[in-house]
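Engineer: Count along the sequence shown from 1, then add 3; that gives the number in the working numbering. Just so you know, even glycine gets a beta-carbon here, dropped at the ideal spot from N, CA and C.
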Amino acid sequence: MTDIKQDLLIRSENIQRVYQMYKNEIFLVNRKYQRKLVWNIEEKRAFVESIIKGYPVPLFLFAEIVYGEDDKFEIIDGMQRLNAISSFIEQEFEINGEYFDLETMVETKLLLDKKVLFQKIPKLSRDICTKIASYVLPFSVYKKENSREIDEIFRRINSGGRQLSKQDIRQSNSLGKFADVVRKISAKFRGDDSQSDELILNSMKSISISNKNLDYGINVNEIFWVKEGIIPREKVRQSLDEEIVADMLGYVLLENKSTANSELLDNYYGIFNTPTQKERYYSLERNLKQNSELIIERFIIILDELKKLSMVDTSKNLKTILYPDKEASYYIPRPFQIIFIAIYELIFIENLVIDSYDKLKNKLIGIGRHINISAGGNWSGASRKRNIEDIKALIKSAFRIKSDSDIENPAIDSWSTKLENILMQSFTEQALYDFKQGFHRLDNIGDFDVSIIHKITKTLTAMANAKANSKGYIIVGIADDEEDMKKSCKKYNSDFIKYNKFYITGLQGEVDKYHNSNYDSYYNVILNYLEKELVEKEFLDNVIVRLINYAGKALVIFEVASGKRPYAYDNKFYSRKGSNVEEIPTNRLHILFSRFS
C-alpha cells in the first residue's frame, strides 16, 4: 500500500470556518462504510461540553476528492462529531438549558437575518459562544489516489470500534459483495435508502432515524421492523435489523443450512479460520457477483407482500397476527425469519403466487404456536429448515401456481417499498425528484392540463442532464402541500395517505371523473401526449412511465435514466437546481457535455 504519511496534510480549522465549510456542502459521506447518525443527545452534549472546557478532541480524518465538478472532503472519521457541532449551532439542542447565540458568527448572523435559522432562548453567553466558534479542530486531509486506499484506512481506524455494535463492526470491516447487498437491502427496509452511496453531510439528517429529542427524517416508530413488532427501536440503532437480513440472506443463498450464530455471521463477512468457513464466504461472494440485483429485488418483493398483510387489517401488525395472545413486550426476530423465508421459497423456489391476502392472513393468525425455536444464541440449521417447511405446509393453500395472466401480479414488479424509498431519496438529491398533484386542473373546468406534460418532459431532460449513470423520478398523484391536498380531496370527495411529509392523494378521482374509470385509456392519453413532445425519440426511449397502485392509491411514475450524452427540450438544454429548472447558457454547455465524456 502507498505510504500514507507522504500523502497526509495536517491542518487546523476553527469551528467558525468548519461551520462555513458545512454550509457550503464541503463534507461528503460515503455510505459504503459510514454509519447513519447514531449519537444521542447526551453524546452530542458531552462532545460540545468538551469543546467549551477546552479539552483536546480526536483527529478528524478526510480524503480530498473531486465530487461532480467540485472539491470535497470525504469523511473517513468524525461524522458524528461534525454533526454534533453543526446541530448545536443550528439550535437542535442546548447545553444546560441554553442555546448557541446565532449572532456570534458572521455565517449564523446572516442566516438569522434571512430567517433560515431562528434563535431559541435562553442564549449562552457571548463569551462562551465566541470560545466555541474560535476552538481549533485538528484536521488530517489525505490526498485520495484510489478508493482502495481510503477503504483500507477506514477499516484500520474502525477495527477497534468499541462503541460500535458487533454487526456495525462487521459491516465497517468488510467491503465484499455480501456486506454491500446486506447494506442495500437493510436501507430499503428501513427507508433510509439513497440513490448514490455518496451524500453531502447536510443531507444525513433527512435519512437518519429519529432519536430521543432529535427529530430526524425517519420516525423510528414507522420503520417496518418496529411498526411490525419484530425488534424494539433501540435494536434498530444497534443494527440488529442488518444482522437479521444477513442471517436470512446467507440461509437463502447457501445450500448447507448451518447453525446460525455469531461465528457464522463472521464467516459471511470474510472472517474465517478453516477451509470450510473460507469456502462459505467465497461461495456467497461468487453467487452475489452474478445475482446481487435480483436478490435485492426479491427481498423487497417479499417485504411488500408482508406489508400487504397488515394493510388487510390496519389494527394488527405482523407480531399480533402471529402471536395474538402475547404480551406487548414480546418481539419476534426469529419467527419473522421463518415466515419471510417460507414465503420467499413458495414464490421464488416453487413459483407460486399469493391467491388471497385475506386467506393468507387468516392462515397466519396464531401460527406462532407452530414455530419451535430453542432459547440461546445458537439456532441450528436443521431446526430452522424444519420450521420453514412446517410453515410452508400450513400456508400453502393461500397460494396458487403462477399463470400467464399473472403479468400484473405484485410479485413480479412490486412498488410499495420502492415508492417509499423514492420519496425519502428526494430529501437528499432534490434535483432528481419532483412531484405533481395530477394531470387535470383543480378548478371548475377540470381540463386535462397539457402544460403539465410539457413541464414534466422538460424536467425529465434536466434530470437526465444532471450526471452520467443517474436516474430521475417524477411522481404524479402527490399534492405539493396541505392546501392542494385539501382541494383535491374536496373536488373528488376522496381521502389521502400521509407518508412522512408527503400527501399521497392518488389519481383515481380524476380517472373516475374524466376517464370513465378506465385506467388503460387514461394511461394511453398520457403516453400519446408524451410522444408529441419536442424531444428526440432516443431520449423518450430512456423514459419509463408506470401506472402503479400504492395502498389503494393510483400513481403515475416517470423514470428517466441518463444517456451517453445530454438531451435538449425544444432545442434548448436545461439543468435542475433544487426544484427549479433552468436553461443552460451557451457559454456553459461545454461543462454539461464534459459530465458525460
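Just to confirm the assignment: which complete alpha helix (DSSP H) runs, minimum length 4, are found wholly within the stretch 209-245?
Structural biologist: Counting whole runs of 4 or more residues, the stretch 209-245 contains the alpha helix (DSSP H) stretches 227-230 and 236-240.
Engineer: Let's test the definition: count the other Cβ atoms within 10 Å of the Cβ of Phe-121 and tell me whether it reaches 16, buried, or not, exposed.
Structural biologist: Label assigned to Phe-121: exposed.
Engineer: Does the beta-carbon distance from Gly-194 to Glu-423 come in below 9 Å?
Structural biologist: It is a contact, given that the beta carbons lie within the stated cut-off.
Engineer: Check whether the stretch 228-246 touches the stretch 353-372, taking contact to mean three or more Cβ pairs, one atom from each stretch, closer than 8 Å.
Structural biologist: The stretch 228-246 is not in contact with the stretch 353-372.
Engineer: Can you check the stretch 458-528 for any alpha helix (DSSP H) of at least 4 residues that lies completely inside it and give the ranges in chain order?
Structural biologist: Segments of the alpha helix (DSSP H) lying fully in the stretch 458-528: 485-495 and 511-517.
Engineer: Decide if Ile-324 is buried, meaning its Cβ has at least 16 other Cβ atoms within 10 Å, or exposed.
Structural biologist: Buried, by the Cβ-count rule.
Engineer: Below 8 Å, can you find three or more Cβ-Cβ pairs linking the stretch 113-127 to the stretch 92-100?
Structural biologist: Taking 8 Å as the limit for Cβ pairs, the verdict is that the stretch 92-100 does touch the stretch 113-127.
Engineer: Looking at Phe-181: is its Cβ nearer than 9 Å to the Cβ of Tyr-284?
Structural biologist: Yes, they are a contact pair.
Engineer: Considering Asp-183, what are the terminal residues of the alpha helix (DSSP H) in which it resides?
Structural biologist: Start and end: 180-193.
Engineer: With DSSP as the reference, please indicate the residues paired to Trp-382 in a beta bridge.
Structural biologist: For Trp-382, which the question treats as bridged, DSSP gives the partners Ala-263.
Engineer: Leaving aside the five residues before and after Lys-395 along the sequence, list all residues of the same chain whose C-beta is less than 7 Å from its C-beta, in chain order.
Structural biologist: So the list reads Ala-345, Glu-348 and Leu-349, once near-sequence residues are dropped.
Engineer: Buried or exposed for Ala-66, please, with buried defined as at least 16 other CB atoms from any protein chain shown within 10 angstroms of its CB.
Structural biologist: The residue in question, Ala-66, is buried, as its Cβ has 16 or more Cβ neighbours within 10 Å.
Engineer: When we look at the beta-carbon of Ile-593 and count the other beta-carbons within 10 Å, is it buried (16 or more) or exposed?
Structural biologist: A small fix is needed here, since residue 593 is His in this sequence, not Ile. With fewer than 16 Cβ atoms within 10 Å of its Cβ, His-593 is classed as exposed.
Engineer: Name the two residues that bound the continuous beta strand (DSSP E) containing Glu-586.
Structural biologist: First-last of the beta strand (DSSP E) with Glu-586: 583-586.
Engineer: Please name the residue or residues paired with Lys-39 in a DSSP beta bridge.
Structural biologist: The partner list for Lys-39 (beta bridge, DSSP) is empty, contrary to what the question assumes.
Engineer: If the criterion is Cβ atoms closer than 9 Å, does the pair Phe-596 and Arg-568 meet it?
Structural biologist: Contact: yes.
Engineer: Are the CB atoms of Asp-171 and Gln-83 nearer to each other than 9 Å?
Structural biologist: No, these two residues do not count as a Cβ contact at 9 Å.
Engineer: Output the boundary residues of the alpha helix (DSSP H) element that contains Ile-55.
Structural biologist: Its alpha helix (DSSP H) spans residues 44-55.
Engineer: When you compare only the Cα positions, how much space is there between Ile-368 and Leu-252?
Structural biologist: Looking at the two C-alpha atoms, the distance is approximately 26 Å.
Engineer: Give the straight-line distance between the Cα atoms of Arg-38 and Thr-262, rounded to the nearest whole angstrom.
Structural biologist: The straight-line gap from Cα to Cα measures roughly 28 Å.
Engineer: Beta-carbon separation of Asp-483 and Cys-492 under 9 Å?
Structural biologist: No, these two residues do not count as a Cβ contact at 9 Å.
Engineer: From the DSSP secondary-structure annotation, give me the bridge partner or partners of Tyr-436.
Structural biologist: Partner(s): Tyr-476.
Engineer: Could you tell me which whole alpha helix (DSSP H) segments of length 4 or greater appear in the stretch 518-580?
Structural biologist: You should have 522-534 and 540-543.
Engineer: Here's the rule: buried if 16 or more other CB atoms are within 10 angstroms of the residue's CB, otherwise exposed. What is Arg-165?
Structural biologist: Only weak support exists for where Arg-165 lies, its pLDDT of 42 falling under 50; the coordinates are left without a value.
Engineer: Suppose you measure from the CA of Ile-370 to the CA of Lys-516; what does that come to, to the nearest Å?
Structural biologist: The straight-line gap from Cα to Cα measures roughly 44 Å.
Engineer: Beta-carbon within less than 6 Å of Ser-473's beta-carbon, same chain only, minus the 5 sequence neighbours each way: which residues are those?
Structural biologist: Closer than 6 Å at Cβ, skipping near neighbours: Ser-565.
Engineer: Give me the residue from Phe-63, Val-60 and Leu-85 with the minimum Cα distance to Gln-23.
Structural biologist: Checking every option, the nearest Cα to that of Gln-23 belongs to Leu-85.
Engineer: Taking the CB atoms as reference points, tell me whether Lys-366 and Ser-400 lie closer together than 9 Å.
Structural biologist: Contact: yes.
Engineer: Closer than 6 Å by C-beta to Ala-190: which residues in its own chain qualify, once you throw out the five before and the five after it? Chain order, please.
Structural biologist: Only Asp-196 meet the Cβ criterion.
Engineer: Quick one: what's got a C-beta closer than 8 Å to Lys-292's C-beta in the same chain, skipping five residues either side?
Structural biologist: Answer for Lys-292: Lys-180, listed in chain order.
Engineer: For the stretch 49-121, list the beta strand (DSSP E) runs that are entirely contained and at least 3 residues long, ordered along the chain.
Structural biologist: As far as the stretch 49-121 is concerned, its whole beta strand (DSSP E) runs of at least 3 residues are 63-70 and 73-80.
Engineer: In terms of alpha-carbon separation, which member of Gly-81, Phe-302 and Gly-449 lies closest to Pro-61?
Structural biologist: It is Gly-81.
Engineer: Nearest to Phe-192 by CA position, among Leu-435, Asn-375 and Ser-419, is which residue?
Structural biologist: For Phe-192, the nearest C-alpha among the options comes from Ser-419.
Engineer: Alpha carbon to alpha carbon, how far is Glu-296 from Ile-415? Give it in angstroms, no decimals.
Structural biologist: Only weak support exists for where Ile-415 lies, its pLDDT of 38 falling under 50; the coordinates are left without a value.
Engineer: With 16 as the cutoff for other CB atoms within 10 Å, does Ile-352 come out buried or exposed?
Structural biologist: The residue is exposed, with fewer than 16 neighbouring Cβ atoms inside 10 Å.
Engineer: Return the first residue and the last residue of the alpha helix (DSSP H) that Arg-337 is part of.
Structural biologist: 336-351 is the extent of the alpha helix (DSSP H) around Arg-337.
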